[in-house]
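Structure first, commentary second.
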Amino acid sequence: MYIKKIIVAIVLIGLIVCGAFAYMVYGVFFTPNTSFNNEKAYVYIPTNSTIADLQTILEPLVKDFSSFKSAADRKKYSINIKAGKYVLKKGMNNNQIVGALRSGNTPVKVAFNNQETIENLAGRIASQIEPDSVSLLKAFKNSDFLKDNGFNEDTMLGMYVPNSYEFFWNVSAEGFRNKMLKEYEQFWNNSRLTKAKAIGLTNKEVVALASIVHKETAKVDERPRVAGVYLNRLRKGILLQADPTVIYAIKKQTGDFNKVIKRVLYKDLELDSPYNTYKYEGLPPGPIAMPDISAIDAVLNSEKHNYIYFVANVENFGYHKFAKTLAQHNRNKEQYIRWINSKKINR
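The opening position of the sequence shown corresponds to residue 256 in this note's numbering, with each subsequent residue numbered one higher.
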């Protein structure tokens, strides 16, 4: 009888212990442990983060970090923290949070356009993924990479086709660069390469010309006509005489790409730079900015006409007046000069 009581007591104690353990496990793994009010919260975990780093990141988002850590320790996540962008949903328990952080790395949309320099591009990308602008710029300018892929410091900006792309937030600088090379190669498909060959240009030369077209007019519907003017000039061996190339040459020489230049002066046309198309024949050594796809396709699908000149149309702002003869162009130009002088735009 005494032994029976002991056995019953042991069983009861065991049940109590098991119950307490089950309650603890349930509390650690299955009790909701989020503290944010939105339906979702985004978590960015840097590369090589420790559990201490994760605590700093998660404490504002969870009610009880210690219970999360217990769950993470038991599931061995604490010693295998993964970098990336993750989505936590309101009401998640620790088991779900660990699962999301272990296998839910979510891509981010990386978008860029209108960058004037490779440095500006690096800064724009660094604001959207983990690598900083210094590491991105180092990857972009890597001499072996440029040489192996037919680029140099003048043409490298043209490798980055402006658009929106998916990347994991924790992609490396080299990983980002390498994927952009693949995107560039896909962009320059047989159709575009055939069109480039038909107008006597390489794809890099198309990008250089497209960057001028892009700077000359923001009107997408006018770009094929502007591109046609420059292609006519190239065919006839006439200097391109594109003001945006002079502006770029000034900025490049001074190192000040934030300078705002609204008017090109006659003295500027004497600037000795391979980017000055008033002084040097043909295309500049590389793009003067990042042309968007509409500008590239405008060059590849340019309007066929006999125009050689154009100047800003002060009667229809944003557009230009085109001319086939110098006499006609000079009349159009006089109207523009009167307008710009009336506005007292001296630089």
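Ideal placement from N, C-alpha and C gives every residue a C-beta, glycine not left out. Just so you know, these numbers come straight off a predicted model, no measurement behind them.
(Q) Per DSSP, what are the beta-bridge partners of Glu421 in this structure? (A) Lys364
Q | Minimum length 3: unbroken beta strand (DSSP E) runs contained in the region 281-367 | A | 295-300, 339-344 and 362-367
**Q.** Phe431 and Ile384 closer than 8 Å at C-beta
**A.** yes
Q.
Which residue wins for smallest C-alpha separation from Asn335, given the options Lys324, Ser419, Lys345 and Leu343?
A. Lys324
Q: Provide the residue span of the alpha helix (DSSP H) that contains Ala553, from first to last.
A: Ile548 to Leu555
Q) Between the beta-carbon of Val569 and the beta-carbon of His575, is there less than 8 Å? A) no
Q. Can you tell me whether DSSP reads Ala473 as helix, strand or coil?
A. coil
Q) Phe577 bridges to which residues according to DSSP? A) Phe565
(Q) Rounded to whole angstroms, what is the Cα-Cα separation between Thr342 and Leu391? (A) For the record, residue 342 in the displayed sequence is Val; it is not Thr. Looking at the two C-alpha atoms, the distance is approximately 26 Å.
Q | Selected residue, minimal CA-CA separation from Asn368, among Leu412, Lys331, Val461 and Lys340 | A | Leu412
Q. According to DSSP, is Gly510 helix, strand or coil?
A. coil
Q | DSSP state of Thr372 mapped onto helix, strand, coil | A | coil
Q | C-beta contact flag for Lys522 and Pro499 at 8 Å | A | no
Q.
My assumption, with CB atoms under 8 Å, is that Leu494 sits in contact with Glu536. Please give the rounded CB distance.
A. 6 Å
(Q) Excluding the 5 residues flanking Glu294 on each side, which residues of the same chain have their C-beta closer than 8 Å to its C-beta? (A) Lys344 and Lys345
Q.
Suppose the cutoff is 6 Å on Cβ atoms and the five residues either side in sequence are ignored; what does the same chain contact list for Thr372 look like?
A. Phe512
Q.
Is the separation between the beta-carbon of Ser549 and that of Arg478 shorter than 8 Å?
A. yes
Q | Ser382 in three-state terms, based on DSSP | A | coil
Q. Do you know whose CA, among Glu589, Trp594 and Arg357, lies nearest Lys331's CA?
A. Arg357
Q: Please name the residue in Pro386, Ile505, Tyr420 and Asp527 whose C-alpha comes closest to that of Arg518.
A: Ile505
**Q.** Chain-order list of residues whose beta-carbon lies under 7 Å from that of Ala377 (same chain, five-residue window excluded)
**A.** Ser388, Leu391, Leu392 and Phe395
Q: Reducing DSSP to helix, strand and coil, say where Asn596 ends up.
A: helix
(Q) Among the candidates Ile595, Ala296, Trp443 and Leu520, whose CA atom is the shortest distance from the CA of Met414? (A) Trp443
Q: Evaluate Pro362 with the Cβ neighbour count: other Cβ atoms within 10 Å of its Cβ, from every protein chain shown; 16 or more gives buried, anything less gives exposed.
A: exposed
Q. Can you list, in chain order, the residues of its chain whose CB lies under 7 Å from that of Gln496, leaving out five sequence neighbours each side?
A. Thr532 and Tyr533
**Q.** For Asn571, the first and last residue of its enclosing alpha helix (DSSP H)
**A.** Note, Asn571: premise wrong, no alpha helix (DSSP H); not H, not E.
Q: Below 8 Å on the Cβ atoms is my guess for Tyr562 versus Ala544; work out the distance and round it to an integer in Å.
A: That pair is no contact at about 23 Å.
Q) Under the rule that 16 or more other beta-carbon atoms within 10 Å means buried, what is Lys437, buried or exposed? A) exposed
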